[in-house]
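In the working numbering, the protein residues as written are 2 to 310.
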């Protein structure tokens, strides 16, 4: 990710850095890159990248840009943050010409799976929703449900998410702003009262749901989690029915090429399926559950790489 590269240092809130450090601690070579450093020469995919290293329990990268064939790597973690814009989509095209390494998540799968829109694959596990740019359709949905949430389709971290209640004097202004005057599709969901208690992050790894869940508490009197801080994260548990349901989701995603995903859940209903760069809350889970989640993730990645040989 461009921002992570610019401020590259071990940040124990960032999933990527836990994974990088774990691989380095196992004496693997780890290189980092960003979307603008990808390229094609005829039908061969390359990247300009930097080698990382550990020093004093921190991670750094050498200030020497190297050009490497992407097929020379064993594992590639494709985890740029949204927005999923044209540059993001173009990067996934580069990986159409990559055959050897295990790429997680599959760039073509990410390209074909919108985190908001394609969540409706699991409509029986979601709150009621529509995807539309129509002012009238959104107003009708609001009249039916009294409270709704509008979400842009290609952003993350709750960016651009708006809450509307029936009778809000700014209703039309908010809808027109969100839809760019009825030209841009948005996801519209029924508001779930449980959001006041926060949403639960359910993590998948391969075709399984991990045994570790966290509840992300809303911050600053907002209904969204937007402050990554220990005091806004707490341990959470799934019911047997929820575990069964979400394991089915994990199996479906894994078949698509999405082996690492984060499901955001309120009142037992999926509100979003994060597949681009899902946060695994490794620091918090390690503290709450007394585990080393980064080891479990890296064991899985290495197993997948061996299976792909």
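We put the CB at the ideal spot given by N, CA and C, even for glycine.
Keep in mind the model is a prediction, meaning the values are calculated, not measured.
Contact set for residue i: own chain, Cβ-Cβ below 6 Å, skip 5 residues either direction
i: residue 92; result: 36 and 39
i: residue 248; result: 210
N-terminal and C-terminal residue of the beta strand (DSSP E) that residue i is part of
i: residue 50; result: 45 to 56
i: residue 153; result: 148 to 153
i: residue 59; result: 59 to 62
i: residue 133; result: 130 to 133
i: residue 67; result: 67 to 70
i: residue 36; result: Note, residue 36: premise wrong, no beta strand (DSSP E); not H, not E.
Identified DSSP bridge partners for residue i
i: residue 280; result: In DSSP, residue 280 forms no bridge with anything.
i: residue 273; result: 265
i: residue 103; result: 76
i: residue 205; result: 210 and 262
i: residue 255; result: Answer is none; residue 255 lacks a bridge partner.
i: residue 165; result: 149
i: residue 187; result: 133 and 153
Helix, strand or coil at residue i according to DSSP, with G and I counted as helix
i: residue 200; result: strand
i: residue 217; result: strand
i: residue 322; result: Nothing in the structure corresponds to residue 322, since the chain is present only between 2 and 310.
i: residue 11; result: coil
i: residue 115; result: coil
i: residue 109; result: helix
i: residue 293; result: coil
i: residue 141; result: helix
i: residue 85; result: coil
Contact set for residue i: own chain, Cβ-Cβ below 7 Å, skip 5 residues either direction
i: residue 189; result: 130, 131, 133, 139, 142, 149 and 151
i: residue 41; result: 95 and 98
Continuous alpha helix (DSSP H) stretch holding residue i: start and end
i: residue 172; result: 172 to 179
i: residue 236; result: Run containing residue 236: none in the alpha helix (DSSP H); it sits in the beta strand (DSSP E), 234 to 237.
i: residue 26; result: 16 to 26
Contacts around residue i, its chain only, beta-carbon distance under 8 Å, and the 5 residues preceding and following it disregarded
i: residue 214; result: 201, 202, 203, 204, 236, 237, 238 and 239
i: residue 226; result: For residue 226, the pLDDT reaches just 46, beneath the cut-off of 50, and the residue's location in the model is therefore unreliable, leaving the point undetermined.
i: residue 67; result: 32, 49, 50, 51 and 52
i: residue 162; result: 150, 151, 152, 153 and 225
Q. Touching or not, the segment 187 to 207 and the segment 246 to 264, by the rule of three or more beta carbon pairs under 8 Å?
A. yes
Q: Say whether the segment 98 to 105 touches the segment 126 to 142, bearing in mind that this needs 3 or more beta-carbon pairs closer than 8 Å, one atom from each stretch.
A: no
Q. Should the segment 230 to 241 be regarded as contacting the segment 79 to 91, the criterion being three or more beta carbon pairs within less than 8 Å?
A. no
**Q.** Contact between the segment 177 to 185 and the segment 114 to 125 (3+ Cβ pairs under 8 Å)
**A.** no
(Q) Under 8 Å: do the segment 49 to 62 and the segment 246 to 258 share three or more Cβ pairs, one atom per stretch? (A) no
Q) Hey, is the segment 301 to 308 in contact with the segment 274 to 285, meaning 3+ C-beta pairs nearer than 8 Å? A) no
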